[in-house]
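Q: After the structure tokens below, expect a handful of questions from me.
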Amino acid sequence: MISREANFDGLIGSTHNYGGLSDGNLASASNAGLIASPKAAALQGLEKMKDMHEAGLWQGVLPPQQRPHLPTLRRAGFSGTNKEIYEAAWKQAPRLMKNCLSASSMWAANAATVSPSSDTVDGKLHLTPANLSTMLHRSIEHPQTQRALETAFPFASVHHALAEQSVFADEGAANHVRLCGARGDHGVELFVYGRAGYAVTRAGYPARQTLEASQAIARSHKLGGVRTVFALQSDAAINAGAFHNDVVCVGALQTLFYHELAFADTASMQADITKAADGLFIPNFVEVPLAEVPIEDAIKAYLFNSMLVQMPDNDRLTLIAPLETQENVATKTYCDKLVASNSPIGEVRYVDVRQSMRNGGGPACLRLRVSLTEKEWFEVNRGNKFSTKLYDGLKTWINSNYRDTLSPEDLRDPNLMEESFVALDELTRIMELGENFYPFQRI
Ligand code: SUG
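Oh and the sequence shown: position 295 is 294 in numbering that gives the first Met the number 0, straight run, nothing missing.
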């Protein structure tokens, strides 16, 4: 049976803004308060999807979430009409309000951890929505993420997020890499964590993924153990701004592409993957030396937050990197050398996702990878599958519903909520998301 990797991109929501909400994410901190363009952001994301679709890859779309997230505001004691809640929350709890307005569900790599049916003992596709419990604005995503995944993948085992507590802090596929010989073959799943769950909090920036969370997911996805590897991120990487492993590492098929400083113990990581892959494939480790690409450049230019994909008719892999990688001397020089050598990566394409990048979200953050059999792809909800028709519909929808600019002051305007709900209501029809998909539609 033919299997391929699909990319499900998060459609960027109409409240996209620079809230400075993510401690340890350098872009989020340094761009806090800038004027955002929700329209440009959503169109940039949509063009990336179109490029991948036209290149012949399976492309999917995940809908944005409802923002403001009124259920969180109600749980925090606000009541009355939507408008009354909006105005009272801005007056009494402006920080909470900012958290409830973030469009952060765009970063679909954090939506869930995914294990394809070829890896699981029960032969089913398993997905666990990430609880994202380290950051308040992200911790409110998982109930709606679960609903979105159940809608998109009606045939899959979609689990509940793990317990929302520091011991089980989980950030989804951003800390997970699947390697394999050929798609459809049994693969090796690499879970990367930043700390032990029960350990006292570490110094420096927060480590957002725990070993306990990764182990729990491997168990509930019925991975069987032998083909599963757990590896610790290095403190150096986290403290340099690698708040997720996918800021310093990406993998596809047999290739793992990572920075020299990404892992606490690189030799053990390599040995463990090689052992887990025994009899399946021979892993190919492409380690980027610190001497050629300083970690600061790797993180600023987001070299590793690229999509590593196999294009049809190309034996070597293609790296879909952000424009910022092309503009940085160290990363651009490295990419040119990589392509010219006989490495498994034979091409680098640069894409414009600048609006998302200013919040620390590169091309890889914006997509959730789901390896599917042809039969499973056929069964994906039609409205979640990218097509020319969907592209046209979404483009018109964005152009007619999204603002060109959104400043921190503009966020206080209750009309933003009304506009956003009208747009999402229309989206549920465009994407065939069913009745009462969003909380505001259920009241
Ligand atoms: O969780 N930024 C996101 C970026 C997520 C990137 N994802 C991956 N690396 N896979 C985060 O830190 C910033 C929002 C703000 O500050 O307004 C934010 O949430």
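Cβ atoms here follow ideal geometry from the backbone N, Cα and C, with glycine treated the same way.
(1) Is there at least one non-hydrogen atom of the ligand SUG closer than 8 Å to the beta-carbon of D245?
(2) Let me confirm a value: F303 is counted as buried when at least 16 other C-beta atoms fall within 10 Å, else exposed. Which label applies?
(3) Determine, using beta carbons only, whether A39 comes closer than 9 Å to chain D.
(4) Give a yes or no on contact between the stretch 148-165 and the stretch 375-382, applying the rule of three or more CB pairs nearer than 8 Å.
(5) Spell out the partners DSSP gives L318 in its beta bridges.
(6) Under 8 Å from any heavy atom of the ligand SUG, does the C-beta of N109 make it?
(7) Starting from A251, follow the beta strand (DSSP E) in both directions and report where the run begins and ends.
(8) Determine the contact status of G79 and L178, defining contact as a CB-CB distance below 9 Å.
(9) Do V199 and S213 come within 9 Å of each other at the CB atom, strictly closer than that value?
(10) Should K336 go down as buried or exposed, given a rule of 16 or more other Cβ atoms within 10 Å for buried?
(11) May I ask which residues mark the beginning and end of the alpha helix (DSSP H) holding N398?
(12) Quick one: is the Cβ of C364 within less than 8 Å of any heavy atom of the ligand SUG?
(13) For M51 and Q58, what's the separation of their Cα atoms in angstroms?
(14) Is H136 near the ligand SUG, with its Cβ less than 8 Å from a heavy atom?
(15) Using a Cβ-Cβ cut-off of 8 Å (strictly less than) and excluding sequence neighbours within five positions of I397, which residues of its own chain qualify?
(16) If you check the beta carbons only, do Y204 and D8 fall under 9 Å apart?
(17) If you reduce the DSSP assignment to three classes, tell me which class C179 lands in.
(18) Helix, strand or coil for E86 per DSSP?
(19) Any idea which residues DSSP pairs W446 with across the strands?
(20) With hydrogens ignored, establish whether the beta-carbon of G250 is closer than 8 Å to any heavy atom of the ligand SUG.
A: On the basis of the data shown:
(1) As a first step, residue 245 is located in the sequence shown; it is residue number 246 there, counting from the start. Checking the Cβ of D245 against the ligand SUG gives yes.
(2) On the sequence shown, position 304 is the one that residue 303 refers to. Classification for F303: buried.
(3) Annotation note: the requested chain D is absent from the structure, which comprises a single protein chain.
(4) yes
(5) By 1-based counting over the sequence shown, the position of residue 318 is 319. In DSSP, L318 forms a bridge with L307, V347.
(6) Taking the first residue of the sequence shown as position 1, residue 109 is located at position 110. Yes, the beta carbon of N109 sits closer than 8 Å to at least one heavy atom of the ligand SUG.
(7) In the sequence shown, counting from the first residue as 1, residue 251 sits at position 252. In the DSSP annotation of this structure, the continuous segment of the beta strand (DSSP E) that includes A251 starts and ends at 248-251.
(8) Translated into positions along the sequence shown, residue 79 becomes position 80. Translated into positions along the sequence shown, residue 178 becomes position 179. The answer is no: Cβ separation not under 9 Å.
(9) Walking along the sequence shown from the start, residue 213 turns up at place 214. Walking along the sequence shown from the start, residue 199 turns up at place 200. No. Outside cutoff.
(10) Translated into the one-based positions of the sequence shown, residue 336 becomes position 337. Answer is exposed; the Cβ neighbour count stays below 16.
(11) The sequence position of residue 398 within the sequence shown is 399, counting from 1. 387-400 is the span of the alpha helix (DSSP H), which, as asked, contains N398.
(12) For the purposes of this step, residue 364 is taken as residue 365 along the sequence shown, with counting starting at 1. Yes, since a heavy atom of the ligand SUG falls inside the 8 Å radius drawn around the Cβ of C364.
(13) Position 52 of the sequence shown, counted from the first residue, corresponds to residue 51. Position 59 of the sequence shown, counted from the first residue, corresponds to residue 58. Rounded to the nearest angstrom, the two C-alpha atoms are 7 Å apart.
(14) What you label residue 136 is simply residue 137 of the sequence shown in a count that begins at 1. Answer for H136: yes, Cβ within range of the ligand SUG.
(15) Here the question's residue 397 lines up with position 398 in the sequence shown. Excluding residues within five positions, the ones whose Cβ falls inside 8 Å are K38, A41, L42, L45.
(16) By one-based count along the sequence shown, residue 204 stands at place 205. By one-based count along the sequence shown, residue 8 stands at place 9. It is not a contact, given that the beta carbons lie outside the stated cut-off.
(17) As a position in the sequence shown, residue 179 is number 180, starting the count at 1. Three-state result, C179: strand.
(18) By 1-based counting over the sequence shown, the position of residue 86 is 87. E86 falls in the helix class under three-state DSSP.
(19) One cannot answer for residue 446 here, as it falls past the ends of the chain, which runs 0 to 442.
(20) Mapped onto the sequence shown, residue 250 falls at position 251. Every heavy atom of the ligand SUG is 8 Å or more from the Cβ of G250, so no.
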